[in-house]
Amino acid sequence: MSETSIFTRIYAGEIPSEIIAETENAFAIRDIHPQAPVHLLVIPKTEEYRNVVELAAGDPDLLGELIGLANTLAAEHADGDFRLIFNTGPHAGQTVFHVHAHVLAGGLEEKTLGA
Ligand code: 5GP
0 MSETSIFTRI YAGEIPSEII AETENAFAIR DIHPQAPVHL LVIPKTEEYR NVVELAAGDP
60 DLLGELIGLA NTLAAEHADG DFRLIFNTGP HAGQTVFHVH AHVLAGGLEE KTLGA
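Quick note on numbering that gives the first Met the number 0: the sequence shown kicks off at 0 and runs consecutively.
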């Protein structure tokens, strides 16, 4: 990756955004444009992996760490149930090519996939 990603710049404090949780290799922020009552982003500290396919192939333990952090946050910020989304590629809506999971939670029963 030639440019430092926006998420790396947030973690470094160059762009303001509260780090709401952190593990050894990952951190979480609130999405600036929430699409659900709870909409968090769980992000590896490294920007080495552009998407979840690269992450799963290169560091499955780190992928597991992201999912564990998502689970913890869903329990803290909602009732523990959550939807995990990894947009993968621009035609799927990915805009930041530093892998991240969207954690959506809080009363999603009425919303079907894609709604
Ligand atoms: P993607 O579209 O790549 O799956 O997700 C990128 C997400 O990052 C979007 O949902 C967008 O709202 C969020 N985002 C982009 N820039 C910022 C920012 O500066 N701060 C925060 N908190 N979220 C951001």
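Glycine included, C-beta positions come from ideal geometry on N, C-alpha and C.
- Secondary structure at Glu13: coil, using DSSP grouped into helix, strand and coil.
- Relative to the non-hydrogen atoms of the ligand 5GP, the Cβ of Ile31 comes within a distance shorter than 6 Å of at least one.
- The residues Ser16, in chain order, have a CB closer than 8 Å to that of Ile31 in the same chain once the five nearest residues on each side in sequence are set aside.
- Two segments are said to touch when three or more pairs of C-beta atoms, one from each, lie closer than 8 Å; by this definition the segment 81-90 does not touch the segment 19-29.
- In the displayed model, Glu2 falls within coil according to three-state DSSP, outside both helix and strand.
- One thing to note: Val41 has its Cβ within 7 Å of the Cβ of Ala100.
- For Leu103, the CB contacts under 6 Å within the same chain, skipping 5 residues up- and downstream, are Ala35, His38, Arg82 in chain order.
- Going by C-alpha positions, Phe26 is about 17 Å away from Thr3.
- Proximity to Tyr48 across Leu72, Ala69, Thr7, Ala73 peaks at Thr7, based on C-alpha coordinates.
- One thing to note: Gly57 has its Cβ no nearer than 7 Å to the Cβ of Ala77.
- Measuring C-alpha to C-alpha distances from Glu108 to each of Asp80, Val95, Ala91 identifies Asp80 as the nearest.
- With a cutoff of 6 Å, Ser16 counts as near the ligand 5GP, since its C-beta is closer than that to a heavy atom of the ligand.
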